[in-house]
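J.:
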Amino acid sequence: MGGWVRRNRRRTRASDFCDFSTYRPLFSEHQRNQIFEKYERESRQIDYDFYLSFQLSANLATNMNLDKQYRPIVARTDTDFNECAEMTVGNGIYTARMTGPTGKGNGLIGNAHLSKENRIGTGDNFETLRSTDNITIDGGAGSFRLIDNFDDCDIDKQVIINLKKLGIDKPTAVQRGVIPIAIEEFQRDIVVQAETGSGKTAAYLIPIICNINTFKQSGLTAPANSPYSVIVTPTRELAAQVAHEARMICKRMNISVALSYGQMPMGICRQNIRRDGCDILVATPGRLIGHFEERSIHFTNVKWVVLDEADQMFDYSLGQFVVPFLKEVKRNSFIRIFAFSATFTAAVMRTMNCYLEPEHFIITGRAAPKDNIKQTFIKVLPRKKRQLLVEVMNHIIQKNNKKSTADRWRIPKTIVFVDTKFETNYLAIYLTNLGIPCISFNGDRTQKMREKAIDDFSRGICSVMICTNVCARGLNMKDVRYVINYDIPFKCQEMFMHRIGRTGRAGNKGIAYTFFELGRDEENVEELISMIEGCGLPIPEFIQKIAQERVRPMGFFHHGK
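Position one of the sequence shown corresponds to residue 1 (the UniProt record's numbering), numbered consecutively onward.
Written as structure tokens, this is what we have:
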């Protein structure tokens with residue numbers, strides 16, 4: 001048979017490049033030896049005075065003794081790649097930890113993140129969180145009071161017992177102001193801005209649970225699928241965490257808590273709500289609208305709508321779900337809005353005022369955890385950025401293993417924030433093959449992969465997490481001692497506070513490193529200076545100099561920044 005015959009060619013698969021039968025490092029032993037020799041050679045040629053500025057240069061030179069003791073981590077760390085560096089190749093892009101379980105989420109059931117062992121205990125600086133010197137209360141009818149203990153307010157005894165079992169004995173400053181207002185003046189809307197890790201979640205859960213308990217004891221009943229309170233959170237992991245905290249606080253009380261977020265099977269959510277009820281519904285914006293449109297949940301009995309991380313709720317991506325929901329429930333019923341976040345912009349406040357009652361309370365706390373987090377800013381050229389990350393990780397590991405005699409060095413829990421999903425995967429593999437077991441976390445992961453990543457990080461299987469802003473808000477992760485801003489976020493002032501807030505929570509101490517990339521971050525220098533001043537910290541000299549150089553004379557073609 002003559003003529004041209006078309007042949008069906010098989011599409012290239014990931015298995016053509018990687019053996020899935022056994023997990024193995026991305027680089028061979030010979031390649032790793034080459035990397036070791038390269039970094040050992042280059043480490044002696046680094047100009048630390050230029051690349052490491054503001055406090056870190058002197059600290060590194062003192063603690064590491066670069067002339068005699070400095071060695072890359074690969075020289076000492078014996079990494080178990082089979083356990084910590086599962087890697088595959090997909091779509092031509094290397095990604096870390098892609099070979100775990102795939103599929104739907106289960107609300108973090110059995111996840112170490114929500115275990116008792118992973119609860120953050122109060123630190124040495126907890127008393128500073130209780131001080132009301134830095135908190136102001138405005139609005140309302142002018143009548144409010146501060147409590148010193150939970151017994152000073154009309155809080156159910158079972159709630160106080162549950163709080164003590166959770167290790168919460170005394171209220172923080174935010175709780176001292178919010179709880180009596182929300183219980184005694186529950187007809188008022190409340191807007192609360194306070195630093196990360198200051199107890200905002202318990203501040204709104206305690207009064208809501210107490211008020212719902214009062215309603216139910218008075219004989220008021222509602223259908224199983226009709227909640228009294230709706231709590232909206234921006235991320236799935238935060239929703240699961242808030243639902244878990246609510247269940248712990250209302251334990252042994254006749255109050256049900258339902259959880260629903262994207263990638264949880266909708267059918268299972270409906271069954272759980274019909275069977276167990278949903279006096280308190282915790283949901284993400286998209287799933288909330290899904291229940292609203294299909295009428296699987298009725299919102300006619302809603303008394304409180306809580307916007308956790310409220311400033312993000314009015315971004316375009318989430319505002320398209322939250323704003324229609326607020327308009328609808330405000331039209332059909334009498335509800336109160338509780339808005340909580342560590343940051344509020346003027347634009348967000350203007351938008352929120354459309355849905356708040358005129359005489360609402362505004363409770364403002366400290367802008368940033370100044371006393372708990374030591375911040376260090378480092379300027380770096382783009383081509384030296386990954387190398388600087390390795391050096392900072394070396395500094396962290398050597399600092400925490402000075403007295404260690406074990407064969408394997410202990411790596412303290414560290415979160416590295418980057419701006420892009422691809423960079424999380426790249427850096428995770430890059431560091432893992434240098435001997436630092438990492439895990440990457442971003443929005444491209446399936447929900448089970450995300451939950452597995454948090455579980456591995458909580459258990460310490462991987463002590464370093466490379467992630468995007470999806471992990472920046474609200475998550476309580478125990479023993480996170482270091483945060484590294486590999487990329488300064490473009491929404492500098494808001495997201496920066498949330499990122500560094502993953503450490504130094506509940507009065508504990510932490511350290512945050514921020515890389516200032518020359519040629520990229522000059523555009524945000526004014527906002528960065530405003531943020532540093534808001535934290536009450538001195539402005540690094542190199543940032544001041546960059547800000548001064550950006551001031552140009554006005555002209556026809558040149559405009560001052």
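Every residue gets a Cβ at the ideal spot worked out from N, C-alpha and C, and that includes glycine.
(1) Can you give the Cα-Cα distance for I335 and Q217, rounded to whole angstroms?
(2) Quick one: Cα of R550 to Cα of D521, how far?
(3) For K165, count neighbouring Cβ atoms within 10 angstroms of its own Cβ and tell me buried if that reaches 16, exposed if not.
(4) Starting from the Cα of P180, find the closest Cα among D169, I161 and N149 and give me that residue.
(5) Is the Cβ-Cβ distance between D311 and T284 less than 8 Å?
(6) Where does Q548 sit, in a helix, a strand or coil, going by DSSP?
(7) Please look up how many angstroms separate the CB atoms of I439 and D419, rounded, as I've assumed it's under 8 Å.
(8) Just the C-alpha distance for N254 and G277, rounded to the nearest angstrom, thanks.
(9) In chain order, what residues of the same chain have a beta carbon less than 6 Å from the beta carbon of Q544, not counting five sequence neighbours either side?
(10) Output the distance between the C-alpha atoms of P207 and K384, rounded to the nearest integer angstrom.
(11) Compare the Cα-Cα distances from P412 to each of E423, Y426, I436 and L427 and report the closest residue.
(12) Going by the beta-carbon positions, is the gap between V305 and L326 smaller than 8 Å?
(13) Looking at the structure shown, is R336 part of a helix, part of a strand, or coil, going by DSSP?
(14) Where does residue 569 sit, in a helix, a strand or coil, going by DSSP?
(15) Evaluate the contact criterion for the region 260-279 versus the region 226-239: three or more CB pairs, one atom per stretch, below 8 Å.
(16) Leaving out five residues on either side along the sequence, give the residues of the same chain with a beta carbon under 8 Å from the beta carbon of F361.
(17) Does E517 come out as helix, strand or coil in the three-state DSSP assignment?
(18) Assuming D308 and V232 make a contact with CB atoms under 8 Å, what is their CB distance in whole Å?
(19) Out of curiosity, what's the CA-to-CA distance linking G474 and L129?
(20) Can you give the Cα-Cα distance for K251 and T196, rounded to whole angstroms?
(21) Pick out whichever of A339, E359 and I363 has its Cα sitting closest to the Cα of M352.
(22) What does the alpha-carbon distance come out to for the pair T122 and Q447?
(23) Closer than 8 Å is the cut-off here; do at least three beta carbon pairs connect the region 387-398 with the region 533-542?
(24) At a cut-off of 7 Å, is T284 close to the ligand NAD when judged by its beta-carbon and the heavy atoms of the ligand?
(25) Compare the Cα-Cα distances from R481 to each of G199, D154 and Y513 and report the closest residue.
(26) Could you give the DSSP three-state label for F490: helix, strand or coil?
(27) Would K478 pass as a contact of R119 if the rule is Cβ separation under 8 Å?
(28) Where does L259 sit, in a helix, a strand or coil, going by DSSP?
(29) Quick one: residues in its chain with C-beta nearer than 8 Å to the C-beta of R270, no 5 flanking neighbours on either side, listed in chain order?
(30) Taking the alpha-carbon positions, what's the S530 to D154 distance?
(31) Using the beta-carbon count (16 or more within 10 Å), is L427 buried or exposed?
(32) Under DSSP, the alpha helix (DSSP H) around L288 begins and ends at which residues?
(33) Just list the residues that DSSP pairs A512 with in beta bridges.
(34) Report the three-state DSSP secondary structure of K200 (helix, strand or coil).
(35) Is T132 close to chain D, meaning its C-beta is less than 8 Å from at least one C-beta of that chain?
(36) According to DSSP, is I137 part of a helix, a strand, or is it coil?
T.: By the coordinates alone:
(1) Working through the sequence shown from its first residue, we reach residue 335 at position 335. Working through the sequence shown from its first residue, we reach residue 217 at position 217. Approximately 20 Å, taken between the alpha carbons.
(2) Locating residue 550 in the sequence shown gives position 550, counting from the first residue. Locating residue 521 in the sequence shown gives position 521, counting from the first residue. Looking at the two C-alpha atoms, the distance is approximately 12 Å.
(3) For the purposes of this step, residue 165 is taken as residue 165 along the sequence shown, with counting starting at 1. Counting Cβ neighbours within 10 Å, K165 comes out exposed, since fewer than 16 surround it.
(4) As a working note, residue 180 is residue 180 in the sequence shown. That would be N149, whose Cα lies nearest to the Cα of P180.
(5) Within the sequence shown, residue 311 is the residue found at index 311, counting from 1. Within the sequence shown, residue 284 is the residue found at index 284, counting from 1. No.
(6) Here residue 548 corresponds to residue number 548 of the sequence shown, with the count starting at 1. Correct three-state label for Q548: helix.
(7) Position 439 of the sequence shown holds residue 439. Position 419 of the sequence shown holds residue 419. Contact flag wrong, Cβ pair sits at about 18 Å.
(8) The residue given as residue 254 occupies position 254 in the sequence shown. The residue given as residue 277 occupies position 277 in the sequence shown. One alpha carbon belongs to N254, the other to G277, and they sit about 10 Å apart.
(9) To locate residue 544, count along the sequence shown from 1; it is residue 544. Once the five neighbours on either side are set aside, Q544 has no close Cβ partner at all.
(10) The residue labelled residue 207 in the question sits at position 207 within the sequence shown. The residue labelled residue 384 in the question sits at position 384 within the sequence shown. If I take the Cα positions, the gap works out to 51 Å.
(11) The residue given as residue 412 occupies position 412 in the sequence shown. The shortest C-alpha separation from P412 is found at I436.
(12) For the purposes of this step, residue 305 is taken as the residue at position 305 of the sequence shown. For the purposes of this step, residue 326 is taken as the residue at position 326 of the sequence shown. Note that the C-beta distance between V305 and L326 is below 8 Å.
(13) On the sequence shown, residue 336 is found 336 positions in, with the first residue counted as 1. Judged by DSSP in its simplified three-state form, R336 adopts strand.
(14) Residue 569 lies beyond the range of the chain shown here (1 to 561); nothing can be said about it.
(15) The region 260-279 is in contact with the region 226-239.
(16) Position 361 of the sequence shown, counted from the start, is the residue given in the question as residue 361. Short of 8 Å from the beta carbon of F361, and not among the five residues preceding or following it, lie these beta carbons of its own chain, in chain order: I137, D138, G139, G140, F144, I181, E185, R188, D189, I190 and V191.
(17) As a first step, residue 517 is located in the sequence shown; it is residue number 517 there, counting from the start. Three-state result, E517: strand.
(18) Sequence index remark: in the sequence shown, residue 308 carries index 308 (1-based). Sequence index remark: in the sequence shown, residue 232 carries index 232 (1-based). Right, their Cβ atoms sit about 7 Å apart.
(19) What you label residue 474 is simply residue 474 of the sequence shown in a count that begins at 1. What you label residue 129 is simply residue 129 of the sequence shown in a count that begins at 1. One C-alpha to the other measures close to 17 Å.
(20) Within the sequence shown, the letter at position 251 stands for residue 251. Within the sequence shown, the letter at position 196 stands for residue 196. Our two residues, K251 and T196, have alpha carbons roughly 26 Å apart in a direct line.
(21) Along the sequence shown, read from residue 1 onward, the residue named residue 352 stands at position 352. It is A339.
(22) Numbered from 1 along the sequence shown, position 122 holds the residue referred to as residue 122. Numbered from 1 along the sequence shown, position 447 holds the residue referred to as residue 447. The alpha-carbon of T122 is positioned some 31 Å away from that of Q447.
(23) Short answer: they don't touch.
(24) As far as ligands go, the structure on display features none, and thus does not contain the ligand NAD.
(25) Here residue 481 refers to the residue found at position 481 of the sequence shown. Of the candidates G199, D154 and Y513, the residue whose Cα lies closest to the Cα of R481 is Y513.
(26) If you number the sequence shown from 1, residue 490 lands on position 490. Looking at F490 - three-state DSSP - the assignment turns out to be coil, as it is neither helix nor strand.
(27) Here residue 478 is taken as the residue at index 478 of the sequence shown, counted from 1. Here residue 119 is taken as the residue at index 119 of the sequence shown, counted from 1. Yes.
(28) In the sequence shown, counting from the first residue as 1, residue 259 sits at position 259. Judged by DSSP in its simplified three-state form, L259 adopts strand.
(29) On the sequence shown, residue 270 is found 270 positions in, with the first residue counted as 1. Counting only Cβ-Cβ distances below 8 Å, and skipping sequence neighbours, we find S296.
(30) Position 530 of the sequence shown, counted from the first residue, corresponds to residue 530. Position 154 of the sequence shown, counted from the first residue, corresponds to residue 154. Taking the straight line from one Cα to the other gives about 41 Å.
(31) Residue 427 sits at position 427 when you count from the first residue of the sequence shown. By the 10 Å Cβ count, L427 comes out buried.
(32) As a position in the sequence shown, residue 288 is number 288, starting the count at 1. Segment P285 to E294, the alpha helix (DSSP H) holding L288.
(33) Position 512 of the sequence shown, counted from the start, is the residue given in the question as residue 512. Looking at the DSSP output, A512 shares a beta bridge with Q375 and V483.
(34) Along the sequence shown, read from residue 1 onward, the residue named residue 200 stands at position 200. It is helical.
(35) No chain D is part of this structure, which consists of one protein chain only.
(36) Reading the sequence shown from its first residue, position 137 is the one you call residue 137. In the structure shown, I137 sits in a strand (DSSP, three-state: E or B).
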